[in-house]
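What follows is one structure encoded as structure tokens, with my remarks underneath.
2 protein chains.
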Amino acid sequence: MSLSMYQASVPVFTRILGNLSKILDKAAAFADLRGIEPSVLITDRLAPDMLPLSRQVQIAADSALRGCARLAGVDFPSNPDVETTFGELQERLAKTLAFLATLSAGQIDGGEERVVMLPMRGGEVTFTGQTFLLNFALPNFYFHVTTAYLILRHNGVEIGKADYIGGL
Amino acid sequence: MSLSMYQASVPVFTRILGNLSKILDKAAAFADLRGIEPSVLITDRLAPDMLPLSRQVQIAADSALRGCARLAGVDFPSNPDVETTFGELQERLAKTLAFLATLSAGQIDGGEERVVMLPMRGGEVTFTGQTFLLNFALPNFYFHVTTAYLILRHNGVEIGKADYIGGL
Numbered sequence: 008m009s010l011s012m013y014q015a016s017v018p019v020f021t022r023i024l025g026n027l028s029k030i031l032d033k034a035a036a037f038a039d040l041r042g043i044e045p046s047v048l049i050t051d052r053l054a055p056d057m058l059p060l061s062r063q064v065q066i067a068a069d070s071a072l073r074g075c076a077r078l079a080g081v082d083f084p085s086n087p088d089v090e091t092t093f094g095e096l097q098e099r100l101a102k103t104l105a106f107l108a109t110l111s112a113g114q115i116d117g118g119e120e121r122v123v124m125l126p127m128r129g130g131e132v133t134f135t136g137q138t139f140l141l142n143f144a145l146p147n148f149y150f151h152v153t154t155a156y157l158i159l160r161h162n163g164v165e166i167g168k169a170d171y172i173g174g175l
Numbered sequence: 008m009s010l011s012m013y014q015a016s017v018p019v020f021t022r023i024l025g026n027l028s029k030i031l032d033k034a035a036a037f038a039d040l041r042g043i044e045p046s047v048l049i050t051d052r053l054a055p056d057m058l059p060l061s062r063q064v065q066i067a068a069d070s071a072l073r074g075c076a077r078l079a080g081v082d083f084p085s086n087p088d089v090e091t092t093f094g095e096l097q098e099r100l101a102k103t104l105a106f107l108a109t110l111s112a113g114q115i116d117g118g119e120e121r122v123v124m125l126p127m128r129g130g131e132v133t134f135t136g137q138t139f140l141l142n143f144a145l146p147n148f149y150f151h152v153t154t155a156y157l158i159l160r161h162n163g164v165e166i167g168k169a170d171y172i173g174g175l
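Chains P and Z, in that order, are what the protein sequence lines are. Here our numbering runs 7 ahead of the position in the first sequence, where the first position is 1. Here our numbering runs 7 ahead of the position in the second sequence, where the first position is 1.
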């Protein structure tokens, strides 16, 4: 079976978002065990002008949701970035995973040359489906998932790279 | 043109390693401008039991080099992890990029079902080429590149996500 646009996107985002969900569970359990107010972790960041954990999770979720919707050429729901607790962040991930599950291989496969327009700070950027997936959607997604992981790791949450990679 | 195993690997790793090289240049310039000993950055880490910047760069390089070699079914050079300066880390990236440039699409395309054996802590793991690329090689690579970026960002180096993503 040849590698396809669907296989390189929806199952990949789905898998890693599931791993992120388990990492957030470990962070919530860590806060509970140590008597740490969860918001201490949720609002932490690795530099004063970087985004906090909550936004890293929200952006990771939207990178997956919007990325796959754009590859499928379908509209996507706009999820307001209002989550402030681990429970709410888990709901955001669950909503995102539920949306990804509605996308079929038939909607995404063959979209290598589909025009994808992306609003960016400097104006709209035009990609082909393939360059959008490989050069933007995936690296951007992994960036925010890894940043979420590292904010927690930096705070002493007992997680390792295996939690990020997931079962092999 | 259909997405292929080659397009989803060699050019992707090559592009991001080039971005990492420019990030390291900015870090070296930052250290020079501020009168900071470069080793302060090169040996820094985000948690006491995480690997320092030098190892993050070395592992990112090897993830790309070994990952693509495994996809192509060819032997790969073993590069000792001896780099301690920005110049040496740049040489390591240059060597890695030179190796990637020797791999052709013909060696990698069609390898979706090729058996890939990976030595891991718990024993050897067997993948197909496609699951190895999507579930291990790419997420592992992005993890180490992002960690290298964040160690520098945490230290105040003036870099942004655009340096990681690169020109679009």
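Using N, Cα and C, we set each Cβ at its ideal position, and we do this for glycine too.
- For Arg121(Z), the closest Cβ of chain P is not nearer than 7 Å.
- Taking 7 Å as the CB threshold, Ala108(P) stays off the interface with chain Z.
- Taking a contact as a CB-CB distance under 8 Å, the pair Gly136(P) and Glu119(P) counts as one, their CB atoms being some 5 Å apart.
- Between the alpha carbons of Asp56(Z) and Ser111(P) lies a gap of roughly 42 Å.
- Excluding its 5 nearest sequence neighbours in each direction, Ala34(Z) has C-beta neighbours in its own chain below 6 Å: Leu48, Leu159, Val164, listed in chain order.
- For Pro126(Z), the uninterrupted beta strand (DSSP E) segment begins and ends at 122 to 127.
- The three-state secondary structure of Val132(Z), taken from DSSP, is strand.
- Taken atom to atom, the span from the alpha-carbon of Ile30(Z) to that of Asp82(P) is near 35 Å.
- Glu44(P) carries a coil assignment under DSSP once its states are collapsed to helix, strand and coil.
- By alpha-carbon distance to His151(P), the top candidate from Asp116(P), Ala105(P), Tyr171(P) is Tyr171(P).
- Between Phe134(Z) and the set Gly167(Z), Leu78(Z), Ala108(Z), Ser16(Z), the nearest pair of CA atoms involves Leu78(Z).
- Chain Z places a beta carbon closer than 7 Å to that of Pro146(P), counting this residue as a contact.
- Residues of chain P with a Cβ closer than 8 Å to the Cβ of Val64(Z) do not exist; the shortest Cβ-Cβ separation is about 15 Å.
- Contact of Gln97(Z) with chain P is not assigned, every C-beta pair being separated by 7 Å or more.
- When secondary structure is reduced to three states using DSSP, Ala54(P) falls in the coil class, being assigned neither helix nor strand.
- By the C-beta density criterion, Glu44(Z) is exposed, having fewer than 16 other C-beta atoms within 10 angstroms.
- In terms of Cβ geometry, Leu10(P) and Leu100(P) do not form a close pair [threshold 7 Å].
- Of the residues assessed, Ala15(Z) falls on the buried side of the cut-off, its CB having 16 or more other CB atoms within 10 angstroms.
- Flagged as an interface residue toward chain Z: Ala54(P), by a C-beta distance shorter than 7 Å.
- In the three-state scheme derived from DSSP, where H, G and I count as helix and E and B as strand, Asp82(P) is classed as coil.
- In this structure, the beta-carbon distance from Ala155(Z) to Leu60(Z) falls below 7 Å.
- Annotation for Phe37(Z): Val164, Glu165 place their beta carbon closer than 7 Å to its own, counting only its chain and skipping 5 residues before and after.
- Residue range 93 to 109 is occupied by the alpha helix (DSSP H) that includes Gln97(Z).
- With fewer than 16 other Cβ atoms inside 10 Å of its own Cβ, Ser85(P) counts as exposed.
- For Ile115(Z), the secondary structure class from DSSP, reduced to helix, strand or coil, is helix.
- Going by beta carbons, Phe148(P) and Ala71(P) fall inside the 7 Å limit.
- Judged by beta-carbon spacing, Val64(P) lies within the 7 Å limit of Leu96(P), meaning their Cβ atoms are closer than that value.
- Ser28(P) sits in a helix when the DSSP states are folded into three classes.
- Taken through DSSP and simplified to helix, strand or coil, Pro146(Z) comes out as helix.
- Within chain Z, the residues Glu119, Glu120, Gln137 have their CB atoms less than 9 Å from the CB of Met8(P), given in chain order.
- For Ala169(Z), the enclosing alpha helix (DSSP H) covers residues 168 to 172.
- Of all residues in the region 65 to 91 of chain Z, none has a C-beta nearer than 7 Å to a C-beta of chain P.
- A Cβ-Cβ distance of about 6 Å is found for the pair His161(P) and Ala54(Z), placing them in contact under the 8 Å criterion.
- Counting only Cβ-Cβ distances below 8 Å, Leu104(Z) has no contacts in chain P at all, with the closest Cβ about 17 Å away.
- Secondary structure at Val164(Z): coil, using DSSP grouped into helix, strand and coil.
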